[in-house]
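Colleague: In short: position in the sequence shown from 1, add 1458, done, that's the working numbering.
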Amino acid sequence: IITPYNVNNLEFYLLLVGNKGKIWVDNISFSKTAFIDTLNFTVDFNTVVDTFNSALIGTNSSPITPTSTIDLTDKFQEIGITGVRTHDIYGSCDIHLIFPDFSADPLNPNSYNFEATDSVIQSIINSGSKPLFRLGETYDGTPNIFDPPTDFDKWATICLQIIKHYNAGWDNGFYYNINEWEIWNEPDLPNYWTETPQQFYEMYKKTALKIKAYNSNLKVGAAGFANIENSRFIDIFLDSISNNSTPIDFVSYHYYNFGNPYYFALEQQKMQALLADYNLSNLEIYLTEWNHYENNSETTLTDYGRDDALSAALTASAFYYLQNSTLKSAYRYRTDEYLFGLFRSNGNYSYSGLAFKVIGNLKMNNRLLQTIGNDTLGTICIAGKSDSEDKFDIIVANPNKPSNSYCIDIQNLTGTYNYKISRIDSNNEFVVVDSGIVSPSYNTIISHVSPPYVDYINLNKISGTNTLNLTEDVILYPNPTNGTLHIKTEIDYKKIEITIFTISGKKLLTINNQTDIDISSLSSGAFLVKIILDGKIETSKIIKIK
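1. For proline 1857, tell me which candidate among Ser1899, His1750, Phe1850, Ile1895 has the shortest Cα-Cα distance.
2. For proline 1589, name the three-state secondary structure that DSSP assigns.
3. Helix, strand or coil: how does DSSP classify isoleucine 1426 here?
4. Once you ignore the five residues that flank tyrosine 1951 on each side, which residues in its own chain have a CB closer than 7 Å to its CB?
5. Since alanine 1684 contacts histidine 1712 with CB under 8 Å, what's their CB separation in whole angstroms?
6. Can you give the beta carbon distance from serine 1698 to glutamine 1656, rounded, assuming they're within the 8 Å contact cut?
7. Does the distance from the CB of phenylalanine 1959 to the CB of glycine 1873 come in under 7 Å?
8. When burial is assigned at 16 or more other CB atoms within 10 Å of the CB, is aspartate 1845 buried or exposed?
9. In or out: glutamine 1726 buried (at least 16 other Cβ within 10 Å) or exposed?
10. Below 8 Å on the Cβ atoms is my guess for isoleucine 1868 versus serine 1905; work out the distance and round it to an integer in Å.
11. Could you check how far apart the C-beta atoms of glycine 1516 and isoleucine 1539 are, in whole angstroms? I think they sit under 8 Å.
12. Please check the pair proline 1564 and glutamine 1619, which I expect to be a contact at CB under 8 Å, by giving their CB distance rounded to whole angstroms.
13. Just the C-alpha distance for threonine 1531 and serine 1587, rounded to the nearest angstrom, thanks.
14. How is serine 1526 classed by DSSP in three states: helix, strand or coil?
15. Taking three-plus beta-carbon pairs below 8 Å as touching, is the segment 1501–1510 in contact with the segment 1550–1559?
16. Decide if the segment 1620–1637 is in contact with the segment 1646–1666; the criterion is three or more beta carbon pairs, one per stretch, under 8 Å apart.
17. Can you give, in chain order, each stretch of the beta strand (DSSP E) that sits fully within the segment 1515–1579 and has at least 3 residues?
18. At what residues does the alpha helix (DSSP H) containing glutamine 1726 begin and finish?
19. What number of angstroms, rounded off, separates the C-alpha of asparagine 1637 from the C-alpha of leucine 1780?
20. Can you find the residues in the same chain that come closer than 6 Å, C-beta to C-beta, to leucine 1745, ignoring five residues on each side of it along the sequence?
21. On the DSSP bridge list, what partners appear for tryptophan 1639?
22. Quick one, which of Lys1994, Thr1575, Asp1913, Asn1916 has its alpha-carbon nearest isoleucine 1949's?
23. In terms of alpha-carbon separation, which member of Thr1947, Arg1792, Pro1909 lies closest to serine 1520?
24. Can you tell me whether DSSP reads isoleucine 1920 as helix, strand or coil?
25. Compute the Euclidean distance between the alpha carbons of serine 1899 and isoleucine 2000, then round it to the nearest angstrom.
26. Of the residues Leu1934, Ser1581, Asp1605, Lys1988, which one's Cα is nearest the Cα of glycine 1541?
27. Which residue's Cα is closest to the Cα of asparagine 1718: Glu1742, Tyr1736, Leu1772?
28. Helix, strand or coil, according to DSSP, for threonine 1600 in the structure here?
29. Output yes or no for whether 7 Å exceeds the beta carbon distance between glutamate 1640 and serine 1710.
30. Do leucine 1943 and isoleucine 1975 have their C-beta atoms closer together than 7 Å?
31. Please classify tyrosine 1864 as buried or exposed, where buried requires at least 16 neighbouring CB atoms within 10 angstroms.
32. Measure the beta-carbon distance from tyrosine 1796 to aspartate 1765 and round it to whole angstroms, keeping in mind my assumption that it falls under 8 Å.
33. How long is the line joining the alpha carbons of leucine 1593 and asparagine 1602, rounded to whole angstroms?
34. Measuring straight from C-alpha to C-alpha, what distance separates glycine 1799 and glycine 1811?
35. Going along the chain, which residues of its own chain have a beta-carbon closer than 8 Å to the beta-carbon of asparagine 1870, five neighbours each way excluded?
36. According to DSSP, simplified to helix, strand and coil, what is histidine 1750?
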C-alpha cells in the first residue's frame, strides 16, 4: 500500500458487492516499510535469460486523432511503440460510425463512411506501429449502441467488409494486411453489453466463423474483458468456446491497479489458469488495457500517482513484471492526456510517457541479462545488451521502498564502458544527472536518489582502445595513499591521461602527461582512477587516507 509521505492516518475499508455469497474478515496488520540505506542489485553481463518482448510497448489511441491538431508520430517512433489498439479514438473506429444505418445493405460501399477511420489507421501505419483493430464501440452516450445487434449475421458481414477495406482494397481501400481483430470491448460490463453472456458468445461465434472462412490466417479474439473475476460472464463465454470448438486465437482482458505493480503479473497468471480450466491453454493472452491509476472523477491529472514521478516508477516496474509473464502483447490505456495518457495536452511527454521512452530502449539492447535484487513490491532492476555487446542498458525503478541510494554490481564485464545516468524523479524529467566508467577491475555503479524514481543507465563500450592490465602493463601505487599516486610502466608512453572520479562517477581531476599525481586536496574515501596510456585504457579503485 503506497501513500504520500506526509500521511499520518490510514483507513481501510472492506466492500461487499451484491446480495449473495459469504463474507469473512482476515486478521490484517500494517507496518511501515523499514528504511534501507542502499538497494543492492547484481547484473550478470555473461548470462542472457530472455529476449525483450517489444510487443508489450503498445497503447490505445493513435498518434493523430480527429479531435486534435497534435501529431505524435515522432514520439511514437522515439519510444518504439509496436502496437496500437483502435479503441476510444473519439469514435473514428466504431462500427456505428463506419456503418451508420444498420438497415442499409452491408455489401454496398455507399453504406460505409471510412473517412475518419482511414486517417487514424494511416497515422498508425505511418508511425511504424501495427494496428490491433477493435471491432466494437466506444462509450460515448450514443443510445442503444451496446444493445446486441438485431442481426448477428449482418453485423458479422459488416465486420468482414471492414477487414476487406483495409486488407483487400474494397471500397477504395488499402492493403495493410492488418492481422489482429478483437471482437467487442468489455462485454462483461452493462455499459458495453446489455444482454446475456450467451448472446455475446453467439455474436462472437458468427463473426469469428465468417472472418476465418474468408481468411483463416487472420487472428481473431475476444473481448477485452473488464473483470476476469466475473465468473458469471467470462466462464460462460470460455465454456461455450471450449465445448463448441469455436475459432479463437487470443483472449484479451483489462486490468487497472494502483498500488503494487506486481499484481499485473498475478492477474496474468489468473488468466492463464482460467484458460487451463477450459482446456484453452493454447490461446494467446493479450492485455489490451492497463494502467496503474484508476479513474476518479474527483481527481486531476496532477494528483498523487497520476502525472508524477510515482507514475513513472509504477509504469517501469509494471513493465518488468509483464516482461516476466507469458503475455503475448500489452496495450497501455492510453496515448493522450485523457485520464492518464503518455502525453500531455501540449504533446509533451507525461511522466508515464517518459517511462515508456526508457523501456523502449530495450528494443535495441534486447538480450535481457540476469539481475538479482528485484522484489515483488515494485523495486526492480532490468538490464539488456546488444548482440555485439558494445552497448547495454540498465533500468532501476523504485516506487516506494525507503532508501537513499542504490548499488549495481556488474559481474563478468568484458570491457571498459562509459555510462551516463538519466533520471526521472520529482526534480528531473529524464535529465542526465551523473556519468562514469565501469570496467572489469571496477564494476560498480553507485547513485544517490530517493523514491519514487526511474534511472536509465546507458553504457557504451570504449572503442578504438586496448585495455591495460594493471599488474603487467602498469603499476599504480601506493594504494591506499595519503596524498600521492605513482604510475610505473615498462614502456615509454607518449601520451598519459589520468582522470579521478567519485565512486558514483562525478569527475574531480584530470592530469595529463604526469606519472606522479597529487590528490592531497581530496577528502578521505574511495575514488575511481581512469588511466589512458597511448589509447590503452583501464579503470581502478583507490583509497585516500589521512
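The beta-carbon is built from N, C-alpha and C at its ideal position, and this holds for glycine as well.
Computed from a predicted model, the values in this text were never measured in an experiment.
Modeller: So, from the listed chains and residues:
1. His1750
2. strand
3. Residue 1426 lies beyond the stretch modelled for the chain, which goes from 1459 to 2004, so this question has no answer here.
4. Leu1991, Asp1992
5. 5 Å
6. 7 Å
7. no
8. exposed
9. buried
10. Not confirmed; about 14 Å, so no contact.
11. 7 Å
12. 6 Å
13. 10 Å
14. coil
15. no
16. no
17. 1516–1518, 1541–1543
18. 1721–1735
19. 23 Å
20. Leu1785, Ala1788
21. Phe1591, Val1678
22. Lys1994
23. Arg1792
24. coil
25. 11 Å
26. Ser1581
27. Leu1772
28. coil
29. yes
30. yes
31. buried
32. Incorrect: roughly 12 Å between the Cβ atoms, too far for contact.
33. 16 Å
34. 7 Å
35. Asp1502, Phe1503, Asn1504, Thr1505
36. coil
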